[in-house]
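**Student:**
Protein chains: 2
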Amino acid sequence: MKTLLLSIDHVRSSLSMKEVIQAVEEGYQSYDAGMVQQPDIVSMEMPANNGETDIKSCYNQLNERISVKVASGFYDNGKSNDLPTMIGTILLFDGKTGAPLCIMDGSLITGIRTGAAGAISAKLLARKDSKTVAVFGGGGQARMQVYALCQVLDIQEVRVYSEYKDELARYKDEVEAQEKVRVVLCDTPEEAMKGADIAISTTPSKKYLVERAWVQPGTHIIAVGADMAGKNEWDPEVFRGAKVVNDSISQCVSRGETRNAILAGVIQESDIYAEIGQLVAGQKPLRENDQEITLFDTTGMAIQDNVTAVKVYQLAKEKGLGQYFEFI
Amino acid sequence: MKTLLLSIDHVRSSLSMKEVIQAVEEGYQSYDAGMVQQPDIVSMEMPANNGETDIKSCYNQLNERISVKVASGFYDNGKSNDLPTMIGTILLFDGKTGAPLCIMDGSLITGIRTGAAGAISAKLLARKDSKTVAVFGGGGQARMQVYALCQVLDIQEVRVYSEYKDELARYKDEVEAQEKVRVVLCDTPEEAMKGADIAISTTPSKKYLVERAWVQPGTHIIAVGADMAGKNEWDPEVFRGAKVVNDSISQCVSRGETRNAILAGVIQESDIYAEIGQLVAGQKPLRENDQEITLFDTTGMAIQDNVTAVKVYQLAKEKGLGQYFEFI
């Protein structure tokens, strides 16, 4: 049998952010409906090489596809070699036969499906008239979140802060070229938060950047960076009284920003309002007034990779992209 | 960068059982020396499709390779399609950079590395003059165990029993063509055990086949079939007083034949004599007399896949086998 192979370029030309947002929404709903088997994340660490490897896998009963993503972060890459820091590979198997259908680069998909998650939360929870976005971090995910958000809201200003100031000029150029927004470079986190309707954090920070006092009533927060124990971007006090939504409660409680708020004693697990899939499915009220602070904590779920990769696979086949290889 | 792709035929022509036995011995030693990070096995089940998928992954600090094996069993394959029941795919990543080095078929490797495990245990624990082997099951693993055993001992007779009698004629033809042994087809498990120096069980049985009374003093038992809760090939009484060796104690206690003996109250975890890696490393006495019953319970470890796949990868590169694909 033939397995389709797709490079990062094939993946890039196979799908748009709009399609990914739709696919991830459907994925969240499948998860909420109990159609998804999603084993715990597998983690291996290579501290001597400043690297880590995670495996996120799931079976989605709705599309009958098993997905396995092997994603690595090796933080010395680019110095002694020309490899990217983040490398990912996604395998799709037929859930009816176990046959390997497709193997594709997964680096781009991780970025784009995470961007999509943020946008879905904003569509559901941000104020409809949101125009100004604070962004923390100036890397790939700081771009993806804005690109995705611009698909669902009429964003006009991006106020970006990064500890690494030298990356911000390029960030501004690229984001302004891609979307009809004005990018304002900010010297402090507090400055970035000024007038923000939505605030997105995408850093690897281990000590929080954003104080509770800087968050205005009515803000929607998208907490992306904290995806393992020890990472922290937000003052835990931000969680007090906020409408807290998780992608997966079990994951966010064990490795997300939500973990920090629980450890700090600000909230308990029972204070988490909902999983995002429940909101997509219309099971609970969304934002209830313009004063509420809403907070979406996302640690990244295998179902996002599953539905995005299946979409890529379908579109690549339609477009005749990629090469085939017969493993068996 | 280029990733090497190897089909089942490339894998087959890349390595011999002898090399795999050596590689797996080295793997067991790395594991024993604490050089291996081996996360828990990930399992997904597709009962509606009579299928299951496991992921076995590890990082071997000795060869600096991360391996991920995705292995499926879909037991209706071959009826409505022409796919094999067991399908596996192995990915090798560079433990220094996370780069995907090689993707290969893993179906054959699972069989061959499991055969190698049995032979390693026999080399260490069976009586040196062992000549007669009882084999339960007539499938692929029932062949592999014999092929591997013939590398390490002077086996002359194979006494095979299978519930599926119609597969035995082909088993006899193939094994006799491959090795200098006489294959005797047996009507009952008791008949297979007559005069056996070594007894190997490779069935998916859920109720034990072999009674304690049929096991002669001095026998070495290789328990392969029971690799998940609910499977059982041996009367738990066989464990009483036996020298019990596991590949991984944590795995065998939770999903191997050893689990059944513990649940039956015949032994406790503390009665397990050693992990196989300790014996390979010479840390404990092996068989101490000709009367002792020794028992090796193997559930299959990711480190076996790792070292075998790395060997395949090296040899395939030397021989110029396979194709390359650039994912990134």
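Top line first, the protein sequences correspond to chains B and V. Counting from 1, position 117 in the first sequence corresponds to residue 116 in numbering that gives the first Met the number 0; the numbering is continuous, with no gaps. Counting from 1, position 259 in the second sequence corresponds to residue 258 in numbering that gives the first Met the number 0; the numbering is continuous, with no gaps. Beta carbons: idealized from backbone N, C-alpha and C, even for Gly. Keep in mind that this is a model prediction, so the values were computed, not measured.
1) When you check each C-beta in the stretch 101 to 121 of chain B against every C-beta of chain V, which residues fall closer than 7 Å?
2) How far does the beta strand (DSSP E) with S29(V) in it extend, from its first residue to its last?
3) Go to A222(V), then tell me how far its beta strand (DSSP E) extends in each direction, as first and last residue.
4) Thinking just about the alpha-carbon of each residue, which of R64(B), N231(B), N259(B) and S42(B) is nearest to the one in N48(V)?
5) Taking DSSP as the reference, what is the three-state secondary structure of V41(V)?
6) Under the DSSP definition of a beta bridge, which residues are partnered with Y300(V)?
7) Bridge partners for N245(B) per DSSP, in chain order?
8) Helix, strand or coil for R181(V) per DSSP?
9) Going by the beta-carbon positions, is the gap between G137(V) and L167(V) smaller than 8 Å?
10) Need the endpoints of the beta strand (DSSP E) that N49(V) sits in, please.
11) Taking 8 Å as the threshold (beta carbon to beta carbon), is Q303(B) in contact with chain V?
12) Would F295(V) and I266(V) qualify as a contact pair, given that the criterion is a beta-carbon distance under 8 Å?
13) Between A133(V) and R158(V), how many whole angstroms is the CB-CB distance? I'm expecting something under 8 Å.
14) Just verifying my parser: in three-state terms, what is the DSSP assignment at S106(B)?
15) Helix, strand or coil for T307(V)? Go by DSSP, reduced to three states.
16) Please say whether E156(B) and T187(B) have beta carbons closer to each other than 8 Å?
17) Does DSSP put Y58(B) in a helix, a strand or coil?
18) Figure out for me which residue from Q303(B), D75(B) and V35(B) has the closest Cα to the Cα of G94(B).
19) Roughly how far, in whole angstroms, is the beta-carbon of G72(B) from the beta-carbon of E44(B), given that I think they are within contact range, below 8 Å?
20) Look up K68(B) in the DSSP assignment and say whether it is helix, strand or coil.
21) Determine, using beta carbons only, whether K95(V) comes closer than 8 Å to chain B.
22) Kindly list the residues whose CB is nearer than 8 Å to the CB of E232(B), restricted to its own chain and excluding five residues on each side of it in sequence; keep chain order.
23) Can you tell me the Cα-Cα spacing of Y170(B) and I102(B), whole angstroms?
24) Are there three or more Cβ pairs, one per stretch, closer than 8 Å when the stretch 96 to 111 of chain B is compared with the stretch 306 to 316 of chain B?
25) Straight-line CA distance for I119(V) to V151(V)?
26) Which bits of chain B does S71(V) rub up against, with CB to CB less than 7 Å?
27) If we ignore side chains and look at the alpha-carbon of each, how far apart do M0(B) and I40(V) end up?
28) Please tell me whether M43(B) has its Cβ less than 8 Å away from any Cβ of chain V.
29) In whole angstroms, what is the alpha-carbon distance linking V23(B) and L314(B)?
30) Any C-beta of chain B sitting closer than 8 Å to the C-beta of F238(V)?
31) Establish whether the CB of L314(B) and some CB of chain V are separated by less than 8 Å.
32) Does any CB atom of chain V fall closer than 8 Å to the CB of S6(B)?
33) Determine, using beta carbons only, whether S249(V) comes closer than 8 Å to chain B.
34) With 9 Å as the limit, tell me which residues of the stretch 55 to 69 of chain V have their beta carbon closer than that to any beta carbon of chain B; keep them in chain order.
35) Are the C-beta atoms of I86(B) and some chain V residue less than 8 Å apart?
36) Using a beta-carbon distance below 8 Å, is Q36(B) in contact with chain V?
**Tutor:** For this structure:
1) I102, D104 and S106
2) The residue you call residue 29(V) lines up with position 30 of the second sequence. Careful: S29(V) lies outside any beta strand (DSSP E), inside the alpha helix (DSSP H) at M16 to D31.
3) Taking the first residue of the second sequence as 1, we reach residue 222(V) at position 223. Element bounds for A222(V): H219 to A222.
4) Here residue 48(V) refers to the residue found at position 49 of the second sequence. The residue with the shortest Cα to Cα distance from N48(V) is R64(B).
5) Looking up residue 41(V) in the second sequence gives position 42. In this structure, V41(V) counts as strand in the three-state DSSP scheme.
6) Counted from its first residue, the second sequence places residue 300(V) at position 301. The sequence shown places Met at residue 300(V), rather than the Tyr named in the question. Its beta-bridge partners do not exist; DSSP assigns none.
7) Your numbering for residue 245(B) matches position 246 in the first sequence. E274(B) and D296(B).
8) On the second sequence, position 182 is the one that residue 181(V) refers to. In this structure, R181(V) counts as strand in the three-state DSSP scheme.
9) Taking the first residue of the second sequence as 1, we reach residue 137(V) at position 138. Taking the first residue of the second sequence as 1, we reach residue 167(V) at position 168. A contact, by the Cβ cut-off of 8 Å.
10) The residue you call residue 49(V) lines up with position 50 of the second sequence. Per DSSP, N49(V) belongs to no beta strand (DSSP E) and is neither H nor E.
11) As a first step, residue 303(B) must be located in the first sequence, where it is residue number 304. Not closer than 8 Å to any Cβ of chain V, the Cβ of Q303(B) fails to qualify, so no.
12) As a first step, residue 295(V) must be located in the second sequence, where it is residue number 296. As a first step, residue 266(V) must be located in the second sequence, where it is residue number 267. Going by C-beta atoms, F295(V) is not nearer than 8 Å to I266(V).
13) Looking up residue 133(V) in the second sequence gives position 134. Looking up residue 158(V) in the second sequence gives position 159. Right, the Cβ-Cβ distance comes to about 5 Å (below 8 Å), so this counts as a contact.
14) Here residue 106(B) is taken as the residue at index 107 of the first sequence, counted from 1. Looking at S106(B) - three-state DSSP - the assignment turns out to be helix.
15) To locate residue 307(V), count along the second sequence from 1; it is residue 308. Helix, per DSSP.
16) As a working note, residue 187(B) is residue 188 in the first sequence. As a working note, residue 156(B) is residue 157 in the first sequence. Their beta carbons are not under 8 Å apart, which means T187(B) does not touch E156(B) by this criterion.
17) Within the first sequence, the letter at position 59 stands for residue 58(B). Of the three classes helix, strand and coil, the one that applies to Y58(B) here is strand, per DSSP.
18) Numbered from its first residue, the first sequence carries residue 94(B) at position 95. Measuring from the Cα of G94(B), the nearest candidate turns out to be V35(B).
19) As a first step, residue 72(B) must be located in the first sequence, where it is residue number 73. As a first step, residue 44(B) must be located in the first sequence, where it is residue number 45. Their Cβ separation, rounded to whole angstroms, is 10 Å, which puts G72(B) and E44(B) out of contact at 8 Å.
20) The residue labelled residue 68(B) in the question sits at position 69 within the first sequence. Strand.
21) Here residue 95(V) is taken as the residue at index 96 of the second sequence, counted from 1. Closer than 8 Å to some Cβ of chain B, the Cβ of K95(V) qualifies, so yes.
22) Looking up residue 232(B) in the first sequence gives position 233. The answer, listed in chain order, is F135, S200, T202, S204, Y207, L208, V209, A222, G224, A225 and E256.
23) Position 171 of the first sequence holds residue 170(B). Position 103 of the first sequence holds residue 102(B). Computed Cα separation, rounded: 31 Å.
24) yes
25) Locating residue 119(V) in the second sequence gives position 120, counting from the first residue. Locating residue 151(V) in the second sequence gives position 152, counting from the first residue. Taking the straight line joining both Cα atoms gives about 8 Å.
26) Within the second sequence, residue 71(V) is the residue found at index 72, counting from 1. Chain B residues near S71(V): F92 and G97.
27) Mapped onto the first sequence, residue 0(B) falls at position 1. Mapped onto the second sequence, residue 40(V) falls at position 41. Each residue's alpha carbon lies about 27 Å from the other.
28) Translated into the one-based positions of the first sequence, residue 43(B) becomes position 44. True, the Cβ-Cβ gap to chain V drops below 8 Å.
29) Locating residue 23(B) in the first sequence gives position 24, where the first residue counts as 1. Locating residue 314(B) in the first sequence gives position 315, where the first residue counts as 1. The straight-line gap from Cα to Cα measures roughly 16 Å.
30) In the second sequence, counting from the first residue as 1, residue 238(V) sits at position 239. Not closer than 8 Å to any Cβ of chain B, the Cβ of F238(V) fails to qualify, so no.
31) For the purposes of this step, residue 314(B) is taken as the residue at position 315 of the first sequence. Answer no: the Cβ-Cβ gap between L314(B) and chain V never drops below 8 Å.
32) Stepping through the first sequence from its first residue, residue 6(B) is reached at position 7. Yes, contact with chain V.
33) Position 250 of the second sequence, counting from 1, holds the residue named residue 249(V). Closer than 8 Å: no.
34) S56, C57, Y58, Q60, E63, I65, V67 and V69
35) Position 87 of the first sequence, counted from the first residue, corresponds to residue 86(B). I86(B) counts as touching chain V.
36) In the first sequence, counting from the first residue as 1, residue 36(B) sits at position 37. Closer than 8 Å to some Cβ of chain V, the Cβ of Q36(B) qualifies, so yes.
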